[in-house]
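**Q**
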Amino acid sequence: MSKKIFYAFAIALFVITACKENKTVKKESIALAISGMTCEIGCAKTIQSKLSKKEGVLDAKVIFTDSIANIEFDANTTSKKDLIAFVEGIAGGDMYKALESSKVTSTSTKTAHACTEDCKKDCENKMASKKECKEDCKMACCATEGTK
10 MSKKIFYAFA IALFVITACK ENKTVKKESI ALAISGMTCE IGCAKTIQSK
60 LSKKEGVLDA KVIFTDSIAN IEFDANTTSK KDLIAFVEGI AGGDMYKALE
110 SSKVTSTSTK TAHACTEDCK KDCENKMASK KECKEDCKMA CCATEGTK
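Under this note's numbering, the first residue of the sequence shown is numbered 10, with each subsequent residue one higher.
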């Protein structure tokens, strides 16, 4: 009889303790200007996928044409600084540079990307050093635009 009471008490204590773990979500958002993306499928989709899987990220949309990532996150779990470092660490840390941007772009409208003074050089360098696809390239980014 005493074992049953002990087990019932242990289970009740476990349930009560588990219910107290209910945390509130402190929802915040950030727009990141990302330099270094060279194609939509390989870069933008990879960054979006990795961000979406990061703990604390509630939603992530990367818009290649605007070089912007719109991220909603739980500030109790992660921070803006962590998200910037996370994006810059993708692909070994040598490929992407992320800066907080005041511009939030909707995925439903296509607006031109406006570089800040700090990133104009990066934008110009990105366009100048953009790798051309081989003539027989079968990748999705080349298939939509034809051969380059």
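Glycine residues also receive a C-beta, built at the ideal position from the N, C-alpha and C atoms.
List the whole-angstrom C-beta distance separating Ser76 from Ala40, where the pair is believed to meet the contact cut-off of C-beta under 8 Å.
**A** Incorrect: roughly 11 Å between the Cβ atoms, too far for contact.
**Q** Counting C-beta neighbours from all protein chains within 10 Å, is the total for Glu154 16 or more, i.e. buried, or is it exposed?
**A** At Glu154, the pLDDT of 43 sits below 50, so the modelled position is not reliable and the matter cannot be decided from this model.
**Q** Under 8 Å Cβ to Cβ from Glu64, same chain only, skipping five residues before and after it: list those, please.
**A** Result list for Glu64: Thr86, Thr87, in chain order.
**Q** Could you spell out where the alpha helix (DSSP H) holding Ala78 opens and where it closes?
**A** First-last for Ala78: 77-83, but that is the beta strand (DSSP E), not the alpha helix (DSSP H).
**Q** Could you check if Phe73 belongs to the surroundings of the ligand GTP, using beta carbon to heavy atom distance under 7 Å?
**A** Among the ligands in the structure shown, none appear at all, so the ligand GTP cannot be discussed.
**Q** On the DSSP letters alone, give me the boundaries of the alpha helix (DSSP H) that Ile93 sits inside.
**A** First-last of the alpha helix (DSSP H) with Ile93: 89-98.
**Q** Rounding to the nearest angstrom, what Cα-Cα distance links Phe95 and Ile20 in this structure?
**A** Between Phe95 and Ile20, the C-alpha separation is close to 40 Å.
**Q** Is it buried or exposed, Tyr105, if we count other Cβ atoms within 10 angstroms and call 16 or more buried?
**A** By the 10 Å Cβ count, Tyr105 comes out buried.
**Q** Quick check on DSSP: helix, strand or coil for Ser38?
**A** Three-state DSSP puts Ser38 in a strand.
**Q** Closest to Cys52 by CA distance: which of Val66, Ser38, Lys36, Lys70 is it?
**A** Comparing Cα-Cα distances from Cys52 to each of Val66, Ser38, Lys36, Lys70, the minimum goes to Lys70.
**Q** What does DSSP give as the partner residue(s) for Ile43 in the beta ladder?
**A** BP columns for Ile43 point to Ala107.
**Q** From this set, Ala84, Ser111, Leu92, which residue's C-alpha is nearest Lys35's C-alpha?
**A** For Lys35, the nearest C-alpha among the options comes from Ala84.
**Q** Under the rule that 16 or more other beta-carbon atoms within 10 Å means buried, what is Ser111, buried or exposed?
**A** By the neighbour-count rule (16 or more Cβ atoms within 10 Å), Ser111 is not buried but exposed.
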